[in-house]
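**Q**
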Amino acid sequence: MKHYTLSHCAGDKTIDSVHRKQIADAISSVVIKVGPRAAPKIRTQLISNLKALGWSGEVSVSENSDMTITSTKSDIGLCLQTGNMSRIYADLMKLQAMYLNNHIKAAAIILPSQEAAKLLGDNIAQAKRLERELAIFKKAYHVPTIVYALEA
Numbered sequence: 016m017k018h019y020t021l022s023h024c025a026g027d028k029t030i031d032s033v034h035r036k037q038i039a040d041a042i043s044s045v046v047i048k049v050g051p052r053a054a055p056k057i058r059t060q061l062i063s064n065l066k067a068l069g070w071s072g073e074v075s076v077s078e079n080s081d082m083t084i085t086s087t088k089s090d091i092g093l094c095l096q097t098g099n100m101s102r103i104y105a106d107l108m109k110l111q112a113m114y115l116n117n118h119i120k121a122a123a124i125i126l127p128s129q130e131a132a133k134l135l136g137d138n139i140a141q142a143k144r145l146e147r148e149l150a151i152f153k154k155a156y157h158v159p160t161i162v163y164a165l166e167a
């Protein structure tokens, strides 16, 4: 699967090239075609690809919490969002909390591009909207982040 990236708060300078390449390789290895009801399959394959590269499974945001993010590796938090756009805000809050608590030093967010989101379903999280809203919330969400946008 093809993708493009966006950097927020110097995420591209904070996340080293090895980890950026691992995430890019995990995305490139996804062979599921983007379309209706494909999101769970894409998610499963992408998580499997990341785990094969040494990324963890789900990680709790804090002790005694059921809130999780998708994965971590070497102080980098990763959220994969292929669901409803409203869920991305929870992901941002979780990553910001982990950053402020010194659990991560940077973040990666993987979600569909605007075009891919339209093919996956209604009101699916998408990169173009996230990019606009990260600019608005720059003072509230200031985790160095790379956004990986999955293309159709």
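So the sequence shown is numbered by my numbering: it starts at 16 and just counts up by one. Backbone N, C-alpha and C fix where the C-beta goes; we use that ideal spot for every residue, glycine too.
1) Let me know if T83 comes out buried or exposed under the rule of 16 or more other beta-carbons within 10 Å of its beta-carbon.
2) With a CB to CB cut of under 8 Å and the five nearest residues on each side skipped, what residues in its chain are close to K120?
3) Assign I151 to one of two classes, buried (16 or more other C-beta atoms within 10 Å of its C-beta) or exposed (fewer than that).
4) Tell me, to the nearest whole angstrom, how far the beta carbon of G98 is from that of A53; I am working on the premise that it is less than 8 Å.
5) Comparing alpha-carbon positions, which option in G50, Y156, L21 and W70 lies nearest D137?
6) Going by DSSP in three states, H18 sits in which element: helix, strand or coil?
7) Buried or exposed, going by whether 16 or more other CB atoms sit within 10 Å of the CB of P55?
8) On the DSSP letters alone, give me the boundaries of the alpha helix (DSSP H) that S101 sits inside.
**A** In short:
1) Within 10 angstroms of the beta-carbon of T83 lie fewer than 16 other beta-carbons, which makes it exposed.
2) T29, D90, I91, Y114 and P159, listed in sequence order.
3) The residue is exposed, with fewer than 16 neighbouring Cβ atoms inside 10 Å.
4) Actually they do not touch by this definition, with Cβ atoms about 13 Å apart.
5) Cα-wise, what sits closest to D137 is G50.
6) Correct three-state label for H18: strand.
7) For P55, the number of other beta carbons within 10 angstroms of its own is below 16, and it is reported as exposed.
8) For S101, the uninterrupted alpha helix (DSSP H) segment begins and ends at S101 to L115.
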